[in-house]
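The structure appears right after this line, and notes come after that.
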Amino acid sequence: MYKSLLFFFLIAGTSLCAQHTISGPFSPSADFKWVMAYQLKPSSQEYVTAGPVKNGNLELVMPKTAEAGLYRMVYAIPTDEFYFDVIYSGKEDIQLAFNTSNGVSFTSSEENGTYLAYLKEINAAEKKLADYYANGQKEKAKFNAIVNDLEQTQYSFETKSEGMIAHNFIKANRPYIPLQQESPEQYELSKKEHFFDELDFNNPILQSSGFLMDKAGTFVFSSASSNLTEFAQEEEVQENLKILNTKIIGVDALFKARLFEKLWLETTKLKMGTSSDLIYNNYLLPLSKTNAQKEIRDITDKIELDNRLRIGAMAPEIRWKDKGTDRKLSDLSGAQNYVVLFWSSTCSHCLKEVPELYTELKDSKKAQVLALGLEDDDISWKAESAKLTGFTHVLGLGKWENEYVYLYNVHQTPTYFVLDAQKRIVAKPSDLDELLSFLKK
Numbered sequence: 000m001y002k003s004l005l006f007f008f009l010i011a012g013t014s015l016c017a018q019h020t021i022s023g024p025f026s027p028s029a030d031f032k033w034v035m036a037y038q039l040k041p042s043s044q045e046y047v048t049a050g051p052v053k054n055g056n057l058e059l060v061m062p063k064t065a066e067a068g069l070y071r072m073v074y075a076i077p078t079d080e081f082y083f084d085v086i087y088s089g090k091e092d093i094q095l096a097f098n099t100s101n102g103v104s105f106t107s108s109e110e111n112g113t114y115l116a117y118l119k120e121i122n123a124a125e126k127k128l129a130d131y132y133a134n135g136q137k138e139k140a141k142f143n144a145i146v147n148d149l150e151q152t153q154y155s156f157e158t159k160s161e162g163m164i165a166h167n168f169i170k171a172n173r174p175y176i177p178l179q180q181e182s183p184e185q186y187e188l189s190k191k192e193h194f195f196d197e198l199d200f201n202n203p204i205l206q207s208s209g210f211l212m213d214k215a216g217t218f219v220f221s222s223a224s225s226n227l228t229e230f231a232q233e234e235e236v237q238e239n240l241k242i243l244n245t246k247i248i249g250v251d252a253l254f255k256a257r258l259f260e261k262l263w264l265e266t267t268k269l270k271m272g273t274s275s276d277l278i279y280n281n282y283l284l285p286l287s288k289t290n291a292q293k294e295i296r297d298i299t300d301k302i303e304l305d306n307r308l309r310i311g312a313m314a315p316e317i318r319w320k321d322k323g324t325d326r327k328l329s330d331l332s333g334a335q336n337y338v339v340l341f342w343s344s345t346c347s348h349c350l351k352e353v354p355e356l357y358t359e360l361k362d363s364k365k366a367q368v369l370a371l372g373l374e375d376d377d378i379s380w381k382a383e384s385a386k387l388t389g390f391t392h393v394l395g396l397g398k399w400e401n402e403y404v405y406l407y408n409v410h411q412t413p414t415y416f417v418l419d420a421q422k423r424i425v426a427k428p429s430d431l432d433e434l435l436s437f438l439k440k
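0 is the number of the first residue of the sequence shown in numbering that gives the first Met the number 0; add one for each residue after it.
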């Protein structure tokens, strides 16, 4: 469920010094109030202007100072989900139509219309060649006709788009076109070999879009054969990552970091843990060590945090003193599961949930609780922890500045982590009900 941008427009402000407009119907009309335009740049996006959607029609006036380039049209929140991109040349008005079912189409825009027409025709031409190989066809005349059509389509649009922003994408998207008949196997190998021939990873226009990242993802993942075992597929993905890395030598460090971050997210989603670790250790960490940019460090910090607390990881060590004796989390024994609980004696939610947890587990032989109290002092903590005699208690002075808040990425109390007997993280329940449900399995 998205929210309209009325409030966000009211606080953002606009410029009414017009040069060209972006306009057209939005449907369903009741869902839209404002559209905000952000200029996309290689390492950022900058707010430019906004326009109202009145009676289902957008009328967005671009400032005279608006640069030619790519613009992200945001129509709802979250803003990183509800948007579409347009090419703005600064030489034409753009008329479009948008609906939530079919997305955006352009009724008047040479830049956007040319690019979309190109994609439609080149994809159809490529499909004919793919079908030719998939169907085991060998007629030379048919092959020649298909590749000639493919070449002519590409050449025609490259010529037509000369001088346009769209030309950057059309030229970079040139597919591999065989000069002579090849076996299906050789065709696939040749496509991979020539994949990067027309891609310029230093092109700022391409960097400003998702084009290069999408292409990189296609190379890394789509070229891994589905006929291989999962292990072999992951090996091929890792080999593709190595090839990709050789193709982006000299590319802006921040762009490279964001590219590998996206690939890391995809390997994580695909549960390719070895590949995720390879991206982090071999590509992202070296970038963060050789570049002082905060944005790169933020990327590696986020991944380091994810790795530290991901399911299956060994729980970060917690150390404390108990009557002068040094103790640590990894030494706890005698249970199938351990609950690491971050709480506070001054937290109202904790004072409700933690006694409930204590009641549920007080007779349990399978689970133990390590309760780390985030406190400014020990006064109320001593009183409240004394009521929970079955828990192992640790006093975390400094409250939100305590070292374990950072180590476990704690943002609220209570926060729960469930460990197995070896102290590996097996669950991160969001609340008490989810915790108890897990422990009762």
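Ideal Cβ positions, reconstructed from N, Cα and C, are used throughout, including at glycine.
Subject >> CA nearest to the CA of residue 40, picked from 70, 30, 31 and 56 >> reply: 70
Subject >> Top-ranked residue by Cα proximity to residue 202, from 137, 181 and 165 >> reply: 165
Subject >> Through-space distance from residue 343 to residue 322, alpha-carbon basis >> reply: If you take the alpha carbons of residue 322 and residue 343, they lie about 21 Å apart.
**OP:** Using DSSP bridges, identify the partner residues of residue 421.
**Re:** Bridge partners of residue 421: none, in fact.
Original post:
Quick one: Cα of residue 123 to Cα of residue 341, how far?
Top reply: 57 Å
Original post:
Between which two residues does the beta strand (DSSP E) containing residue 71 stretch?
Top reply: 68–73
Subject >> Reduced DSSP category for residue 142 - H, G, I as helix; E, B as strand; rest coil >> reply: Of the three classes helix, strand and coil, the one that applies to residue 142 here is helix, per DSSP.
Original post:
Among residues of its own chain, excluding the 5 on either side of residue 380, which ones have a beta-carbon nearer than 7 Å to its beta-carbon?
Top reply: When the five nearest sequence neighbours on each side are left out, the beta carbons in the same chain lying within less than 7 Å of the beta carbon of residue 380 are those of 344, 372, 374 and 394, in order along the chain.
**OP:** Please go through the same chain and pick out, in chain order, the residues whose beta-carbon is closer than 8 Å to the beta-carbon of residue 263, but skip the five residues on each side of it.
**Re:** Taken in chain order, the residues that qualify are 275, 278, 279, 283 and 302.
Subject >> Same chain, Cβ closer than 8 Å to residue 439, five either side skipped, listed in chain order >> reply: none
Original post:
What are the complete beta strand (DSSP E) segments, minimum 3 residues, inside the stretch 331–366?
Top reply: 336–342
Original post:
What three-state label does DSSP hand residue 180 in the structure shown?
Top reply: Assignment of residue 180 by DSSP, reduced to helix, strand and coil, places it in the coil class.
**OP:** For residue 429, name the three-state secondary structure that DSSP assigns.
**Re:** coil
**OP:** State the start and end residues of the unbroken beta strand (DSSP E) segment that holds residue 33.
**Re:** Going by DSSP, residue 33 is part of the beta strand (DSSP E) stretching over 33–40.
Original post:
Where does residue 371 sit, in a helix, a strand or coil, going by DSSP?
Top reply: Of the three classes helix, strand and coil, the one that applies to residue 371 here is strand, per DSSP.
Original post:
Can you tell which of 183, 22, 250 and 229 has the C-alpha that lies nearest to the C-alpha of residue 205?
Top reply: 250
**OP:** Give the DSSP-derived three-state secondary structure of residue 29 in the structure shown.
**Re:** Helix.
**OP:** Take residue 153 as the anchor and find which of 135, 309, 119 and 257 has the nearest alpha-carbon.
**Re:** 119
Original post:
Alpha carbon to alpha carbon, what distance is there between residue 100 and residue 74?
Top reply: Each residue's alpha carbon lies about 14 Å from the other.
Original post:
CB-CB under 8 Å to residue 150, same chain, minus the five flanking residues each way: which ones, in chain order?
Top reply: 176
**OP:** Scan the stretch 254–314 and note each continuous alpha helix (DSSP H) run of 4 residues or more that stays entirely inside, going in chain order.
**Re:** 272–277, 284–289 and 293–308
Original post:
Is the CB-CB distance between residue 336 and residue 419 below 8 Å?
Top reply: yes
Original post:
Which residues mark the beginning and the end of the beta strand (DSSP E) in which residue 56 is found?
Top reply: 56–62
Subject >> Neighbourhood of residue 55 by C-beta distance below 7 Å, restricted to the same chain and skipping five residues each side >> reply: Answer for residue 55: 24, 25, 26 and 28, listed in chain order.
Subject >> Enclosing alpha helix (DSSP H) for residue 216 [first to last residue] >> reply: 210–216
**OP:** Report buried or exposed for residue 298, applying the criterion of at least 16 other Cβ atoms within 10 angstroms of its Cβ.
**Re:** buried
Original post:
Does the stretch 208–219 come close enough to the stretch 236–253 that 3 or more CB-CB pairs lie under 8 Å?
Top reply: yes
**OP:** Report the partner residues of residue 395 according to the DSSP bridge assignment.
**Re:** 373
**OP:** Tell me whether residue 221 is buried or exposed, calling it buried when 16 or more other Cβ atoms sit within 10 Å of its Cβ.
**Re:** exposed
Original post:
To the nearest angstrom, how far is it from the Cα of residue 295 to the Cα of residue 257?
Top reply: 8 Å
**OP:** Taking 8 Å as the cut-off, decide whether the C-beta atoms of residue 349 and residue 391 are in contact.
**Re:** no
Original post:
In or out: residue 422 buried (at least 16 other Cβ within 10 Å) or exposed?
Top reply: buried
**OP:** Report the rounded CA-to-CA distance for residue 235 versus residue 95, giving the unit in angstroms.
**Re:** Spanning the two alpha carbons is a distance of roughly 42 Å.
Subject >> Beta-carbon proximity check, residue 67 vs residue 89, cutoff 8 Å >> reply: Yes; because the gap between Cβ atoms is below 8 Å, this pair is in contact.
Original post:
Thinking C-alpha only, which one of 181, 140, 121 and 137 is nearest residue 155?
Top reply: 121
**OP:** Going by CA-CA distance only, name the one from 79, 362 and 174 that's closest to residue 157.
**Re:** Ranking 79, 362 and 174 by Cα distance to residue 157 puts 174 first.
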